[in-house]
Amino acid sequence: MFSISARKFFRRDANILRRLKARRQTQRKRWATRVRFAKGDRDLEHLDTFHRAIRPYLCLAQVFGLMPLANIRSSDPQVLQFRVCSAGFFCTALFLLLGSFKTWHVAMSLFEVGFTAKNMVVLIFFTSNMITCLNFVSFARRWTRIIVPWTCLDIMMLFPPYVQSKYTLRYKLRILGFCLGCLALVEHCLFYASRYYNYRMHILHCRPIGTQASFDSFMHTEFGDIFGVVHFKIFYVLFTLIFTGCFNFIWNFMDLFIMMISLGLAQRFQQFGARVSALMGRYVPDALWSDIRQDHIRLCELIELVDNNLANIILVSCLNNMYFICNQLLSIFTKLRYPINYIYFWYSLLFLLGRTTSVFLCASRIHDASLLPLQAVHMVPSEYWTEEVQRFMQQLSSEFVGLSGHRLFYLTRRSFFGLMATLITYEFMLLQLDAKNRKMALPDLCA
Numbered sequence: 020m021f022s023i024s025a026r027k028f029f030r031r032d033a034n035i036l037r038r039l040k041a042r043r044q045t046q047r048k049r050w051a052t053r054v055r056f057a058k059g060d061r062d063l064e065h066l067d068t069f070h071r072a073i074r075p076y077l078c079l080a081q082v083f084g085l086m087p088l089a090n091i092r093s094s095d096p097q098v099l100q101f102r103v104c105s106a107g108f109f110c111t112a113l114f115l116l117l118g119s120f121k122t123w124h125v126a127m128s129l130f131e132v133g134f135t136a137k138n139m140v141v142l143i144f145f146t147s148n149m150i151t152c153l154n155f156v157s158f159a160r161r162w163t164r165i166i167v168p169w170t171c172l173d174i175m176m177l178f179p180p181y182v183q184s185k186y187t188l189r190y191k192l193r194i195l196g197f198c199l200g201c202l203a204l205v206e207h208c209l210f211y212a213s214r215y216y217n218y219r220m221h222i223l224h225c226r227p228i229g230t231q232a233s234f235d236s237f238m239h240t241e242f243g244d245i246f247g248v249v250h251f252k253i254f255y256v257l258f259t260l261i262f263t264g265c266f267n268f269i270w271n272f273m274d275l276f277i278m279m280i281s282l283g284l285a286q287r288f289q290q291f292g293a294r295v296s297a298l299m300g301r302y303v304p305d306a307l308w309s310d311i312r313q314d315h316i317r318l319c320e321l322i323e324l325v326d327n328n329l330a331n332i333i334l335v336s337c338l339n340n341m342y343f344i345c346n347q348l349l350s351i352f353t354k355l356r357y358p359i360n361y362i363y364f365w366y367s368l369l370f371l372l373g374r375t376t377s378v379f380l381c382a383s384r385i386h387d388a389s390l391l392p393l394q395a396v397h398m399v400p401s402e403y404w405t406e407e408v409q410r411f412m413q414q415l416s417s418e419f420v421g422l423s424g425h426r427l428f429y430l431t432r433r434s435f436f437g438l439m440a441t442l443i444t445y446e447f448m449l450l451q452l453d454a455k456n457r458k459m460a461l462p463d464l465c466a
């Protein structure tokens, strides 16, 4: 009796497996047809893929020495290649060469005068940007292995049964890039305005009467390491301003890139959650649950692939933001000479806090969206509860979905509040260590 029922059970399972296999084969053919349909450049241009949305920013990043990829303007991600003999890699190599010289000169200058908590910020700024550039070079080598399966998944989720979002990825990334770019440009201009005002007051009070605060003299003061090697000409002045602007661009693009990656992944998880939520309260056959579970596996595999390759950039970004927030707080709580100095440091601090908050909030949307299907699965009636549903629920609840810094921490809201608590603790320690300096008067302007 037992053997007969067992044979019937296994025969039924075999039939189910055959039907699932046939259904998956049919679905693969449908996806392959969609990929072939969208493979032409003209068709890919009309699809809301992540490659299409982020492509303008990758083109801009190449100008500043990041993401050295060939064929970056192509609509087909399969033709992207990391080439040493390319214009993008030339810009990267030039920046690394000149950046190494600049960082070495700053380090030698600090060795002569001695290291302090305040003057080390310049060395850490240049060093962290050099490390970030190298991380992006390493990331660019693996970009094709990431963006090709990502584009295939995008194409799959741009058709029913998935529902499109109200705003396209291209629109979201355009708004994000424009806002962050404008805020970063204001911060960069305020930095030079503060430096120029300090220089002008020094000329006015400490130089002989009649000495003019010229632009040439200011450039020699700010970039003496560069104009000590080359002659002062308009070409070298423009090149110097662009070169120093590269460091500021890299400093901001690192966080912007993480936010863009996060928005691209979060949108797909939100679409997946919306598809599962639409099935709430309805009878769903096991074959459909199996298809849904396979799509979830593909999403998890994609985010794991991205996380493994993006971990270095995330780790450097968080450490970099923590340090500079502490430094800006320390600068604000010390005496400054002019109002423009307070304006710059306060704006820079608020910009840093806003940028760091945006990174965590954008990345936390991935984890939040990954939890959306759980509610729908919990609402499945007991009479419809099957082994396939149980397997899908275990998959949803057992796997943590999100970006991380080498699994040391995850970019979630909880981690963000932990980071803020750590920053407050560190700041109190720095203020206690710097208590004597804050009581001292400002140093002589002409010293």
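Be aware that the sequence shown starts at 20, since it is given in my numbering, and climbs by one per residue.
Note that beta-carbon positions come from the ideal geometry of N, C-alpha and C, so glycine has one too.
Pair within 8 Å by beta-carbon distance, residue i and residue j
i      : j      : result
Leu430 : Arg287 : no
Gln414 : Arg317 : no
Tyr342 : Leu209 : no
Tyr366 : Glu206 : yes
Asn154 : Ile332 : yes
Tyr445 : Cys319 : no
Phe237 : Tyr215 : yes
Leu116 : Phe101 : no
Met86  : Ala136 : no
Leu354 : Asp244 : The sequence as given places Lys at residue 354; Leu does not occur at that position. The answer is no: Cβ separation not under 8 Å.
Ile222 : Ala232 : yes
Arg294 : Pro180 : yes
Val140 : Val125 : no
Ser336 : Val378 : yes
Gln81  : Ile73  : no
Val420 : Ile277 : no
Pro96  : Ile174 : no
Val182 : Gln347 : no
Asn267 : Leu199 : no
Residue burial classification, residue i (beta-carbon count within 10 angstroms, cutoff 16)
i      : result
His315 : buried
Ala203 : buried
Asp235 : exposed
Gln394 : exposed
Lys252 : exposed
Ala106 : exposed
Trp404 : exposed
Gly283 : buried
Arg374 : buried
Trp123 : exposed
Ile443 : exposed
Glu407 : buried
Tyr76  : buried
Phe144 : buried
Cys152 : buried
Leu427 : exposed
Pro358 : exposed
Cys265 : buried
Lys191 : buried
Arg356 : exposed
Nearest-angstrom Cβ-Cβ length linking residue i and residue j, presumed shorter than 8 Å
i      : j      : result
Asp326 : Ser401 : Between Ser401 and Asp326 the Cβ distance is about 36 Å, and since that is not below 8 Å, they are no contact.
Leu188 : Phe114 : Wrong, their Cβ atoms sit about 29 Å apart, outside the cutoff.
Phe83  : Ile269 : 7 Å
Ala475 : Ala306 : Because residue 475 is not part of the residues shown, which for the chain are 20 to 466, the question remains open.
Cys474 : Ser281 : The chain is shown from 20 up to 466; residue 474 falls before or after that span and cannot be answered.
Ser128 : Met149 : About 17 Å separates the two Cβ atoms, so there is no contact after all.
Leu449 : Leu349 : 5 Å
Met279 : Leu195 : 7 Å
Leu391 : Gly292 : 3 Å
Leu334 : His425 : 6 Å
Three-way DSSP call (helix, strand, coil) for residue i in this model
i      : result
Ser184 : coil
Ala212 : helix
Tyr445 : helix
Ser389 : helix
Tyr429 : strand
The ligand GDP heavy atom lying under 7 Å from the CB of residue i
i      : result
Arg294 : Looking for the ligand GDP in the displayed structure turns up nothing, as the structure carries no ligands at all.
Minimum length 4: unbroken alpha helix (DSSP H) runs contained in the region 313 to 373 | none
Length at least 4, wholly inside the region 226 to 260: the alpha helix (DSSP H) runs in chain order | 234 to 241, 243 to 246
In the region 54 to 122, which residue ranges form an unbroken beta strand (DSSP E) of at least 3 residues, counting only runs that do not cross its ends?
-> none
Start-end ranges of the beta strand (DSSP E) lying completely within the region 119 to 168, minimum 3 residues = none
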